[in-house]
Structures are given as C-alpha cells and as structure tokens.
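Take 3 as the starting number for the sequence shown in the working numbering and just add one per residue.
Glycine included, each C-beta is placed from N, C-alpha and C at the ideal position.
Bear in mind the structure is a predicted one, so any value in this text is a computation, not a measurement.
These notes concern the structure reproduced below.
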Amino acid sequence: MKTLLYFRLFLSVIFSLLLIQFFSNYGNKAVHPDLNAMILGAFLKQNSTPTQAEPFFKNYTFLFLSGTTLKGTAVIKDGYFSPNDIAAAGLGYGYSEEGPAEKTVKGWITHGGYSADVPEVPASLRHFYDPTKPAGNRYLTDIANSKIMGSLQKYVLTNPKTDAVEWAMGKPGIEALSVQDHFYTWERGKNWIRMALNEQNKKKQNEYMANAWRSLGETLHMIADNGCPPHVRNDAHPSPFLNNNTFLGNPDPYEEFMDQLKQEKPDVFAQFGKGTPDPDFRNKINSLKTGKEIAHEMAYFTNKNFVTNETISGIDKNGKKIQQLIHPESPYSSPLLQQMKYYESDHTYRTSSGVKQCADVVYFSDLIPRISEPTVTMECVISQAKALIPNIIVAGKNMIKLFIPKLKVEIQSAENTTVKGMVKHMRDPEYATEIMYNGPVKLVLKDKNFRIKKEIEITAKDGVFETSEFALGSSGNKVTAIIEFGGILINSDPFNCTVVSNTPVIKSVAGGSTIDMLIYVNGTFDKDFRCGAYNKPAVTWIDIENNGIPVNKGLGEFKGTKKWGVDIVEVSGIISEEKIIELRYRGTYTDDERQQQWDITVKDIPLLDPDQKGKHGQITYQLRPYEMGLEKKVVNMYEHLTNITVKEVCIKNKQFSRNLSWTDWDRKFAGTTVASSPLMQQSAIQIRVNR
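Next comes the structure, spelled out in structure tokens:
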C-alpha cells in the first residue's frame, strides 16, 4: 500500500514539473521584468516633467534608478514549488529559495515581475482572470485539450478557485498564514508603506520599503498578464514539450512569440513600449481611483479587443462559420471575424483599429496538427503587442500613482530660531485611513542665492515637527523641510524666514534711560577666601548692586557703561514687552586688599507686574527661587544664570584667588516652604529700567 502511495506521489511531482510548461505566461525571467521596467520608466518620465507631472507629485523626487538601495528579501533560486511544498512531498529538489538582497527601487520593482511567478507551479494556476464572468468566478476553469496535460489538470493539480486579480491584490487585514497564501500583495505592500512612515529606525524602514516595492512589482506582473489575451479568456495553454503537442501541450502563439522576440529581437520588443495607447482606454484608466478597478479594466479591454489562437470565432471571408476550439458553446462576443476586415495582401483579419488579429495561412500545421485556420501568426502577435503594451504601460503607471500615498510637507512658521511644520496625508480610496508620519525631517536653510547655509535633522511626532534651535540668520533666507522613505523625497515649498528684534520696552526720553541692578544670591567659593583683613567663607552671600547705569535709546537691544574710579561696569542685552530676554553684566570692583571680577549672563527674567508696564517711570523685572503667586512653588532660579565667572583676587598676594559657583537651589531647598526659609525669601535677581 505504501509503495503505491509513494509511486502516485512520485507521478504527481513529475507531472507537476511539467505543469510549468503547461501554463507559463510571458517569460518571467525577461519579458515581465522588462515590462515592469517600461511601466516604471514611463511613470518617472511623466513625473519628472513639471508640465506633465501629477499635481500632488509636484514636490516629490523619485530616486528609483540609482543611489538609494534597500535591503530586503528576494528570490535567489527559481523553482517549481515552495520549500514547504517539497517538504510535504518528502522530496528535496525543484523548490525555490528566498534570501537577503540589496537592490534599487527599480531593482525591486523589476524583481517583482520575476518573483510573481515563483514558485512556478502554484503561480501558473493563479494568473488567469476572465472579466466576462461574474465576480468570484473569474478564475481558470479551462482544461487543456492535450491528453497528458489535460489528465494532469483534471486529476492531480486541479484549478484553484482564485483569479489573478484576487491573488495579486489581496485583502486588507489578511495575513499570509499558509504556503498557498500570497505574501507580496498590493494590500500588504500598502501596509508596509504605512509601517515605513511610522518607523524611525532607518534599517527597518528600508526593509519595509523593499517589501513594498517588491509587492508593487508583483502586482504590475498581474497588470501585464491582464494585457495578455489568453490570460483573460480562460484559455489554458500548455507550452510545447518534446515537440509533442497532441499529448503535452497546445501553446498560445502570443506568449510563445513574445518570448522569442525578447530573446532574438530585443530592439523590436523595446519598440512596443513607445507606441500610443488607445485614447478612450487611457481616459478611462486615468479616471479610476483604485488598483482593483484598473486591473479589471485592463482585462476587460484585452478580452474585448483581442483574440487568442483558441478563441477565434465568427464568419470567415468565405461565409464559413468558425467555432472556438475551447468552449464553443459560449464564445466570446468580440472581436468576431465578421466584425473585422480581411486583407488579401497579407491574408490577415484586422479590427477597426488596424490590429492584425489572425491570418488564414497556417504556419504551425507541422507542430500543432489540430490547429485550424485562421490562426494567430508572428505577424499578428507583433501587431497585437504594438497595441497592447502601450495600454499596459498606461494601466501600470496609474497603479504606481495610486500605490504611493499623497503626503504634503508644510512649514507653518519660521522665526528667529524656531521652525514649526507638519506632514499631512491626503486620504483617498486606496489610503482611506490617515497616515500619521513619525520619522526624521531634514531642515535646510538657504540664502537668497540658494546656497545652503546649514542643515539639521529633527523628528516628527504624529505628523508634527518643531525645533527652537535652528538659527535662521536673516530675513532674506528660506527654509525647506524634507522627508525621505524608500527612495522618495518629499520637500515643502521654501518658507521665508522672519528674523526680528522683539518690541522694546525702553523708550527714548530726554536724558536717556538708566538701569538699576540687584543680584543677591547664595554662592559657593571653591575654598575659603582670605586676603589680609578681608575673609570670606566658602559658602557666602554674593551681591551685586549698581545703580543708574546709563543705557542707549532702546530699540530692543540696549547697551550701557559706567565708571567708578578705576572700576568699570558694562551691561548689554535685549528687552521685549514681557521680559528681559538676555542681559550680560561685566564689571570689576577694587579696594586696597582685593579685586572682584564679574562676567554674568542672565536670561528670561520676567516682568514683575505685566499690568503696570509702561504706566510708571520705573519698570521692574524680577526672578526669585519660587514663583510669584499664591502657591509660591520652588523653582530653579539658576537655570537663568549662564556664562558665570566670578573671581576674587587677593591684590596683596595674587596667588590667592577663588572662583565662585551658584548654589543648586533645586537640591538644597527641595520641599522647603518659603515661609520657613529666609534665604529663599531674600534671594532675588532684580532689574529696574528707569525711563
């Protein structure tokens, strides 16, 4: 019993190895990759020409041909079965393999044209789509009219109830769970793009995009199949094997000759992609909003306008009724022989568009005895291809257009050092759920002559990006934001920078203005300071009090100098309506024994009482180690003190000097109430502007 089982299993595998000859479409090693390349080339040509580009691709740059490479998973060994299929059969040969690879975007898309037919036996049964049948019943049902292959198809590997469009497009949310599920579908590809746009790790993002582009390539393989007459006419067409077509095959001339042309006359094959598509078909395709609609329309156009060798029917030039070789009981309604014009000069039947569909000269009688006149000849194949391939390219271009999500990068403001913007997703039927971009954003600053002045990279969160650390230079500069994923760059429109001084508080008055300063805080010397009779412990109160330092007329920025004997004080800074943005104090104090040297920068000192600004001759800015208000919450006042250099020098013996640092109030007074801490009550930075 086991012997019989193994024998039947062996025969099943041998027959399966023949099956690839049975259903092979265009050659997946040459023709399909080239068709994908033609489609991609046409897409890039259109969208790199400003007058022809799709409006929403205006700010897109496609780095698909070189430069950008992505690491992903590719077919590295062709085969008839997947490894799991072979394992189930208990054999160890004839299987395909996948492994790591690195390719350009074009490389992944053209690879998808090849990999969609691997493993070849299951793929060959799933690449048929008859648009004239009801939805759900458009898969291959035809049984080959050759003895061995027909029996094989009936009893060993029956037709799966899956059509080419269903197989290639997939279903949203459906994961591949078994060896028969398709991993690189259109829907999975879109999901990988979503994952890439939500991924900050560049290595993972590139891997997701490699999978996405391969998925697109495998979907374009289906579009090319839907532009192949036997694949949209339920026409099983085994290729010749051992030149015995009665037993092993009844091939379709279109596919056979297309492979031959690609191999023997590549220049002729290349010219197919340069033709003009049918205008009505192009307009129809351009109006469609989903990939599934485009796939169906491609199949419908091919089915309606082109015959296969086994679906020629109608009344010939002699008034003789010609029946289809396959399914004569339900012939296709168009194009029929009586709808074509017969040309005696070359014995061809041509449709109104001028396409040569068939000829009544038999070229294959020695190879295919059962074939009847008229038949599809090489001349007819060339004529059909000239008409079909430009339409395949139109359909494929629109598939790429719908596959790439519509994103807009926008800068909303750019002032002084702050840039804000967002990445918006414009939803459509293919991407009905909003994509929230989380990833790098490059900011590029250029001057009025478009020279790059600086670049930084920040991160967007849920589509929003912002930085306050990008100095914009001058108001003549422009800033641009750019995102990149999988060989696509999207840039914002250049945004004009605004660089202004804040509105000043200091007014121009007779006699000018003066500044009074008080800095009274707890500090720490690096060691006790002793200089003659002057002694200071390591921890000490430090105070600076200078009155009436004259400053220039304030226009946002101010500057002033005052001299007392040998000592001098300099102040400079910027004042806005609400606060002192920055003030720098430099000064010296000298007596008989010692000298103090000060260099202090104070930032962001708020107006003490905003309601009183401008109402009196004196405006006060103040900061304490607690917030002014009912709660009196402890804050770190010393975050506002920067560039601190305070030095005590002993004049009598200059080797004795000490440097001062401010006390860390957050640690020292954590949990301390204001009422119980006189030190906190007394500490302050206070600046008064006398107008």
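### Query
Which one of K408, E432, F59 has the shortest CA to CA distance from K294?
E432
### Task
Can you tell me which of the three DSSP states Y210 falls into?
helix
#### Entry: Nearest neighbour of T285, chosen from M300, Q265, N203, V107 [CA to CA]
The sequence given here has Asn at residue 285, not Thr. Answer by Cα proximity: M300.
### Message
Which same chain residues end up closer than 6 Å to P371 when comparing Cβ atoms and leaving out the 5 residues on each side of it in sequence?
### Response
Legend: pLDDT at P371 = 44, less than 50; position of this residue unreliable, no value from coordinates given.
### Task
Rounded to whole angstroms, what's the CA-CA distance from I402 to L142? Just pull it up for me.
27 Å
### Query
With distances taken between CB atoms, is the gap from Y62 to I490 smaller than 8 Å?
yes
### Query
Do three or more CB pairs link the segment 428-444 to the segment 195-204 at distances below 8 Å?
yes
### Query
Does the Cβ of F303 have 16 or more other Cβ atoms within 10 Å, making it buried, or fewer, making it exposed?
buried
### Query
With E381 and A361 assumed to form a contact (beta carbons below 8 Å), what rounded beta-carbon distance in angstroms separates them?
7 Å
### Task
Counting only the same chain and skipping the five closest in sequence on each side, list residues whose C-beta sits under 6 Å from that of F259.
M380, V383
### Message
Whole angstroms are fine: how far does the CA of K480 sit from the CA of R453?
### Response
10 Å
#### Entry: Per-residue DSSP class, three states only, for H427
strand
### Task
Tell me, please, which residues DSSP counts as bridged to F560.
G575
### Message
My assumption, with CB atoms under 8 Å, is that K605 sits in contact with E572. Please give the rounded CB distance.
### Response
Contact doesn't hold; Cβ gap of about 17 Å is too wide.
### Task
Run the CB neighbour count on Y345, radius 10 Å, all protein chains shown included, and call it buried at 16 or more, exposed below.
exposed
### Query
Would you call V502 buried or exposed, if buried means 16 or more other Cβ atoms sit within 10 Å of its Cβ?
exposed
### Message
Using C-beta distances below 6 Å, list every residue in its chain close to E100, excluding the 5 sequence neighbours before and after it, in chain order.
### Response
T75, V77
### Task
Please determine if the segment 33-53 and the segment 207-223 are in contact, where contact requires at least 3 C-beta pairs separated by less than 8 Å.
yes
### Message
Pull the bridge partners of K463 from the DSSP assignment, please.
### Response
V466
### Task
Report all residues from its chain with a CB closer than 6 Å to the CB of V363; omit the five preceding and five following residues, and keep chain order.
H349
### Query
DSSP state of K135, grouped into three classes?
coil
### Query
If you compare alpha carbons, which of E650, G478, I395, G475 is closest to K276?
I395
### beta strand (DSSP E) segment containing N767, residue limits
Residue coverage of the chain in this structure runs from 3 to 693, which leaves residue 767 outside it and unanswerable.
### Task
Name the two residues that bound the continuous alpha helix (DSSP H) containing E168.
166-171
### Task
Compare the C-alpha of A686 against each of S476, K649, M211, T622 and name the closest.
T622
### Own chain residues within Cβ distance below 8 Å of A32, not counting five before or after
D261, K264, Q265
### Task
List the endpoints of the continuous beta strand (DSSP E) containing R128.
First-last for R128: undefined, no H or E at that position.
### Task
Would you kindly work out how many angstroms separate the C-alpha atoms of T516 and R429, rounded to a whole number?
59 Å
### Query
How big is the Cα-Cα spacing for K388 and V309?
15 Å
### Query
Over what stretch of residues does the alpha helix (DSSP H) that includes Q265 continue unbroken?
255-266
### the ligand MN heavy atom lying under 7 Å from the CB of W215
Because no ligand of any kind appears in the structure shown, any question about the ligand MN cannot be addressed here.
### Task
Output the boundary residues of the alpha helix (DSSP H) element that contains G293.
293-307
### Task
Check C230 in the structure and name its three-state DSSP category.
coil
### Query
Where does R588 fall in DSSP's three states?
strand
### Task
Return yes when the Cβ of V651 is within less than 8 Å of the Cβ of R586, no when it is not.
no
### Task
Counting only the same chain and skipping the five closest in sequence on each side, list residues whose C-beta sits under 6 Å from that of G550.
T516
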